[in-house]
Amino acid sequence: MSNPTGSSLHMGRVALTVRDLDKVGRYYEEVIGLHPMGRDGETARYGAGSEVLLELRQDRAERQRSAREAGLFHTAFLLPSRADLGAWVKQAIAQQAPVSGVADHLVSEAIYLNDPEGNGIEIYIDRPRDQWSWKDGLVEMSSDPLDIEGIVKSAGSVKWQGVPEGSVVGHVHLQVGSVAEAQKFYTGDLGLDVTCHYPGAVFMAADGYHHHIAANVWNSRNAGPRDMPSTGLSDMEIRVDAARAVELRRAAGLNAESPLGFELRDPWNTPITIRAV
20 MSNPTGSSLH MGRVALTVRD LDKVGRYYEE VIGLHPMGRD GETARYGAGS
70 EVLLELRQDR AERQRSAREA GLFHTAFLLP SRADLGAWVK QAIAQQAPVS
120 GVADHLVSEA IYLNDPEGNG IEIYIDRPRD QWSWKDGLVE MSSDPLDIEG
170 IVKSAGSVKW QGVPEGSVVG HVHLQVGSVA EAQKFYTGDL GLDVTCHYPG
220 AVFMAADGYH HHIAANVWNS RNAGPRDMPS TGLSDMEIRV DAARAVELRR
270 AAGLNAESPL GFELRDPWNT PITIRAV
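Position in the sequence shown counted from 1, then plus 19, gives you the numbering used here.
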């Protein structure tokens, strides 16, 4: 998988459990623009180029996750350029796709949606790193009005042909029961650095990215461990270099010489697959 965040750690594919695979899959194809990359029975994969970014697992009998529970806030798909984002916006307008929010985060420009089963989605691009402002190890982020007109103009003659090669899952934003507990786990067990504090939320990353993982309590304060299985986030993959994989194995009390690729669970029972690349 390409790694435009330039880190020894980056996000891999996200897996969601859904009740209606055909309906949700069609949304990710037609509205988001992910390309179908194979289906085996009740599991379908979607991505860009040769990389799988999203896996949908159908189970019609699963309990519907409550919006107040811990779990996914959104999966954020990072596009290569502002022109790509502009082309995506033009086709979304043409489809009259419902949007739940837009924001200029200073480090990035972002548009938010929800899939048919309520899973949050972010489509975004990063501003050049030399435009990010850091102070005392923290990056300045905000939620300012978004220049939609400028983004659309940036598309120029670029025509939307689906999520382009080089797109990745840039970050995953989680709902948790406690910001402090989330920070302790993701900075301790996973070795991330805190990059930004926001009321009710914390942002964390490796190697100077603005965030690979965010966690908030806006809808889920004091939520306990997830009662799985349920719909929603079923697994997220974090890809690391070999050296970091060994460190994470040791921190988890596992044999550093055993085959790379293992699973952790955060304090809210969300599975995290660590994979060395």
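Note that beta-carbon positions come from the ideal geometry of N, C-alpha and C, so glycine has one too.
Best match in the options for proximity to residue i [C-alpha to C-alpha]
{"i": "VAL118", "options": "TRP107, LEU273 and LEU252", "result": "TRP107"}
{"i": "ALA220", "options": "GLY227, LEU252, ALA63 and GLU200", "result": "GLU200"}
{"i": "PRO218", "options": "GLY156, MET160, PRO248 and ARG64", "result": "MET160"}
{"i": "ALA233", "options": "VAL198, ILE130 and ILE170", "result": "VAL198"}
{"i": "ARG284", "options": "ARG87, VAL195 and GLU136", "result": "VAL195"}
{"i": "ARG245", "options": "TYR65, LEU40, ALA86 and ALA102", "result": "ALA86"}
{"i": "THR152", "options": "ALA111, ASP254 and CYS215", "result": "The sequence shown places Ser at residue 152, not Thr. The shortest Cα separation from SER152 among ALA111, ASP254 and CYS215 belongs to CYS215."}
{"i": "ARG76", "options": "LEU157, GLU266, MET255 and PRO164", "result": "MET255"}
{"i": "THR94", "options": "HIS229, GLU141, ASP41 and ALA264", "result": "GLU141"}
{"i": "ALA262", "options": "GLY175, ALA116 and GLY280", "result": "GLY280"}
{"i": "VAL121", "options": "ASP226, LEU165 and LYS109", "result": "LEU165"}
{"i": "ARG148", "options": "ILE112, HIS229 and GLU184", "result": "HIS229"}
{"i": "LEU91", "options": "ALA174, ASN288, GLY60 and ARG269", "result": "ASN288"}
{"i": "ASP59", "options": "ASP41, SER69 and MET247", "result": "ASP41"}
Three-state class that DSSP yields for residue i in the structure shown
{"i": "GLN194", "result": "strand"}
{"i": "THR206", "result": "helix"}
{"i": "VAL108", "result": "helix"}
{"i": "GLY251", "result": "strand"}
{"i": "ARG76", "result": "strand"}
{"i": "VAL171", "result": "helix"}
Residues near residue i by beta carbon distance below 7 Å, same chain, minus five either side
{"i": "GLU74", "result": "ARG32, ALA34, THR62 and ARG64"}
{"i": "VAL126", "result": "ASP145, ARG146, TRP151, VAL158, MET160 and HIS229"}
{"i": "LYS154", "result": "none"}
Cβ shell of residue i (< 6 Å), same chain only, five flanking positions each side left out
{"i": "LEU98", "result": "LEU104, ILE144 and SER186"}
{"i": "ARG79", "result": "ARG38"}
{"i": "SER57", "result": "Reading off the sequence, residue 57 comes out as Gly, not Ser. ARG64, listed in sequence order."}
{"i": "ALA116", "result": "VAL50"}
For residue j and residue i, believed in contact at Cβ under 8 Å, the rounded distance
{"i": "GLY251", "j": "ASN133", "result": "The Cβ separation is near 12 Å, so there is no contact."}
{"i": "MET223", "j": "VAL236", "result": "Between VAL236 and MET223 the Cβ distance is about 15 Å, and since that is not below 8 Å, they are no contact."}
{"i": "THR36", "j": "GLU81", "result": "6 Å"}
{"i": "ALA102", "j": "GLY189", "result": "About 17 Å separates the two Cβ atoms, so there is no contact after all."}
{"i": "ALA264", "j": "ALA295", "result": "4 Å"}
CB contact check: residue i to chain D, cutoff 8 Å
{"i": "ARG148", "result": "Going by chain labels, chain D is absent from the structure shown, which holds only one protein chain."}
Cβ-based neighbour list, residue i, same chain, cut-off 8 Å, excluding 5 preceding and 5 following
{"i": "TYR47", "result": "LEU53, TYR65, LEU73, LEU75 and ASP134"}
Open item on the list: Could you check whether the stretch 42–52 touches the stretch 177–185, counting it as contact only if at least three pairs of C-beta atoms, one from each stretch, sit closer than 8 Å?
Closed with: yes
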